[in-house]
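**Q** Below is the structure I would like to discuss, written out as structure tokens.
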């Protein structure tokens with residue numbers, strides 16, 4: 038929570054908004070959302086973790102499938 042509080046403070050946003058943005062892909066959609074909203078809300082990045090086996094390493098992967106409108110507006114920190 039302190040990390041999200043810090044992100045919110047640094048971005049000049051309130052905590053609740055930043056918290057919801059961070060949870061957006063983890064929260065289920067309501068059953069009564071429109072098909073268009075459901076299609077847009079389920080687009081986006083994918084993360085996966087393959088646990089280590091035997092002597093091999095764990096594999097953590099993430100892709101950035103954001104909308105074109107975000108191009109040039111988002112940064113890795």
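Numbering (our numbering), first residue to last: 38 to 114. Cβ coordinates follow ideal geometry from the N, Cα and C atoms, glycine included.
Rounded to a whole number of angstroms, what is the C-alpha to C-alpha distance between residue 61 and residue 83?
**A** Within the chain shown, the letter at position 24 stands for residue 61. Within the chain shown, the letter at position 46 stands for residue 83. Just so you know, the alpha carbons of residue 61 and residue 83 end up roughly 13 Å apart.
**Q** Give the secondary structure of residue 98 by DSSP, where H, G and I count as helix, E and B as strand, and everything else as coil.
**A** Mapped onto the chain shown, residue 98 falls at position 61. Looking at residue 98 - three-state DSSP - the assignment turns out to be strand.
**Q** Helix, strand or coil, according to DSSP, for residue 64 in the structure here?
**A** Translated into the one-based positions of the chain shown, residue 64 becomes position 27. For residue 64, the secondary structure class from DSSP, reduced to helix, strand or coil, is coil.
**Q** Compare the C-beta of residue 75 with all C-beta atoms of chain C and state if any pair is closer than 8 Å.
**A** Checking the listed chains, one finds no chain C in this structure; it contains a single protein chain.
**Q** Hey, out of 102, 85 and 104, whose CA is closest to residue 95's CA?
**A** For the purposes of this step, residue 95 is identified with residue 58 of the chain shown, where counting begins at 1. Comparing Cα positions, the closest option is 85.
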